[in-house]
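Residue numbers (this note's numbering): -3 to 103.
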(Lines of atoms letter the chains of each structure in order from A and count residues from 1; the text may use other names and numbers.)
(Lines give C-alpha, C1' and ligand atoms only; values in the text may rest on other atoms or scores of the structure.)
Protein backbone atom coordinates (compact mmCIF):
# COMPACT_ATOMS: atom_id res chain seq x y z
CA UNK A 1 0.00 0.00 0.00
CA UNK A 2 2.78 2.40 0.90
CA UNK A 3 4.60 1.49 -2.33
CA UNK A 4 1.59 2.47 -4.44
CA UNK A 5 1.35 5.84 -2.71
CA UNK A 6 5.04 6.55 -3.32
CA UNK A 7 4.72 5.59 -6.98
CA UNK A 8 1.63 7.77 -7.30
CA UNK A 9 3.40 10.74 -5.71
CA UNK A 10 6.43 10.24 -7.97
CA UNK A 11 4.24 10.10 -11.10
CA UNK A 12 2.34 13.19 -9.99
CA UNK A 13 5.61 15.05 -9.35
CA UNK A 14 7.00 14.13 -12.78
CA UNK A 15 3.78 15.15 -14.55
CA UNK A 16 3.58 18.50 -12.76
CA UNK A 17 7.24 19.19 -13.58
CA UNK A 18 6.60 18.50 -17.27
CA UNK A 19 3.51 20.74 -17.29
CA UNK A 20 5.29 23.59 -15.52
CA UNK A 21 8.36 23.30 -17.77
CA UNK A 22 6.16 23.57 -20.87
CA UNK A 23 4.71 26.85 -19.57
CA UNK A 24 8.04 28.58 -18.95
CA UNK A 25 8.92 30.97 -21.77
CA UNK A 26 12.48 31.40 -22.86
CA UNK A 27 13.88 34.83 -22.10
CA UNK A 28 14.90 36.85 -25.16
CA UNK A 29 18.64 36.88 -25.62
CA UNK A 30 20.35 40.21 -25.90
CA UNK A 31 23.62 40.44 -27.79
CA UNK A 32 26.69 40.67 -25.62
CA UNK A 33 28.82 43.73 -26.33
CA UNK A 34 32.53 43.37 -25.67
CA UNK A 35 33.87 45.71 -23.01
CA UNK A 36 36.79 46.85 -25.14
CA UNK A 37 34.78 47.39 -28.33
CA UNK A 38 36.21 50.30 -30.31
CA UNK A 39 34.00 53.35 -30.66
CA UNK A 40 33.12 54.80 -34.03
CA UNK A 41 35.82 57.06 -35.45
CA UNK A 42 34.85 60.24 -37.29
CA UNK A 43 36.74 60.31 -40.59
CA UNK A 44 36.72 64.13 -40.53
CA UNK A 45 38.19 64.59 -37.06
CA UNK A 46 39.82 61.30 -35.97
CA UNK A 47 43.57 61.02 -35.52
CA UNK A 48 45.65 58.51 -37.49
CA UNK A 49 46.08 56.59 -34.25
CA UNK A 50 42.29 56.30 -33.90
CA UNK A 51 42.12 54.60 -37.30
CA UNK A 52 44.99 52.27 -36.47
CA UNK A 53 43.23 51.28 -33.23
CA UNK A 54 40.22 49.95 -35.18
CA UNK A 55 42.44 47.95 -37.55
CA UNK A 56 43.18 50.27 -40.48
CA UNK A 57 46.88 50.29 -41.43
CA UNK A 58 48.93 53.44 -40.78
CA UNK A 59 49.45 54.41 -44.45
CA UNK A 60 45.71 54.23 -45.14
CA UNK A 61 45.00 56.18 -41.97
CA UNK A 62 47.32 58.94 -43.23
CA UNK A 63 45.46 58.98 -46.58
CA UNK A 64 42.15 59.38 -44.75
CA UNK A 65 43.49 62.31 -42.72
CA UNK A 66 45.11 63.92 -45.77
CA UNK A 67 41.94 63.63 -47.88
CA UNK A 68 39.72 65.61 -45.54
CA UNK A 69 36.97 66.82 -45.61
CA UNK A 70 34.85 63.80 -46.52
CA UNK A 71 31.16 64.14 -47.39
CA UNK A 72 30.36 60.53 -46.50
CA UNK A 73 32.25 57.45 -45.39
CA UNK A 74 31.36 55.76 -48.70
CA UNK A 75 33.55 58.38 -50.39
CA UNK A 76 36.57 56.48 -49.03
CA UNK A 77 35.78 53.79 -51.63
CA UNK A 78 34.91 56.13 -54.49
CA UNK A 79 38.22 57.98 -54.04
CA UNK A 80 39.99 54.60 -53.77
CA UNK A 81 41.38 55.10 -50.29
CA UNK A 82 39.72 51.85 -49.13
CA UNK A 83 38.80 48.79 -51.17
CA UNK A 84 35.22 47.57 -51.07
CA UNK A 85 36.30 44.68 -48.84
CA UNK A 86 38.05 47.01 -46.41
CA UNK A 87 35.05 49.33 -46.38
CA UNK A 88 32.67 46.46 -45.61
CA UNK A 89 34.93 45.43 -42.73
CA UNK A 90 35.19 48.91 -41.17
CA UNK A 91 31.94 50.67 -42.14
CA UNK A 92 30.31 50.07 -38.76
CA UNK A 93 33.29 51.63 -36.99
CA UNK A 94 33.43 54.78 -39.13
CA UNK A 95 31.23 57.87 -39.21
CA UNK A 96 31.42 61.03 -41.32
CA UNK A 97 30.27 64.09 -39.45
CA UNK A 98 30.24 67.33 -41.36
CA UNK A 99 33.17 69.61 -40.52
CA UNK A 100 32.04 72.47 -38.31
CA UNK A 101 28.72 70.77 -37.50
CA UNK A 102 27.74 70.91 -33.89
CA UNK A 103 25.74 68.27 -32.09
CA UNK A 104 22.66 69.33 -30.16
CA UNK A 105 22.80 68.72 -26.44
CA UNK A 106 19.70 67.61 -24.56
CA UNK A 107 18.88 69.26 -21.37
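From the three backbone atoms N, C-alpha and C, an ideal C-beta is built for every residue, glycine too.
Classification of residue 57 by the beta-carbon crowding that lies within 10 angstroms, buried from 16 upward: Using a 10 angstroms sphere on the CB of residue 57, the tally of other CB atoms reaches 16 or more, which defines it as buried.
Do you know how far the Cα of residue 51 is from the Cα of residue 45? Answer to the nearest angstrom: the Cα atoms are 10 Å apart.
Which term fits residue 5, buried or exposed, when burial requires 16 or more other beta carbons within 10 angstroms of its beta carbon? Residue environment for residue 5: exposed (fewer than 16 other C-beta atoms within 10 angstroms of its C-beta).
Can you tell which of 63, 7 and 47 has its C-alpha closest to the C-alpha of residue 88? The shortest C-alpha to C-alpha distance from residue 88 to any of 63, 7 and 47 is the one to 47.
Could you tell me the alpha carbon to alpha carbon distance between residue 59 and residue 76, rounded to whole angstroms? Using only the alpha carbons, I get a separation of about 10 Å.
If you measure between the beta carbons of residue 37 and residue 90, is that distance less than 8 Å? Contact flag set, yes.
Mind checking who residue 37 pairs with in its DSSP beta bridge? Residue pairing by DSSP places residue 37 opposite 90 in a beta bridge.
State the Cα-Cα distance for the pair residue 61 and residue 82, rounded to the nearest angstrom. The C-alpha of residue 82 is placed about 17 Å away from the C-alpha of residue 61.
Exposure label - residue 2; buried when at least 16 CB within 10 Å: Exposed is the call here.
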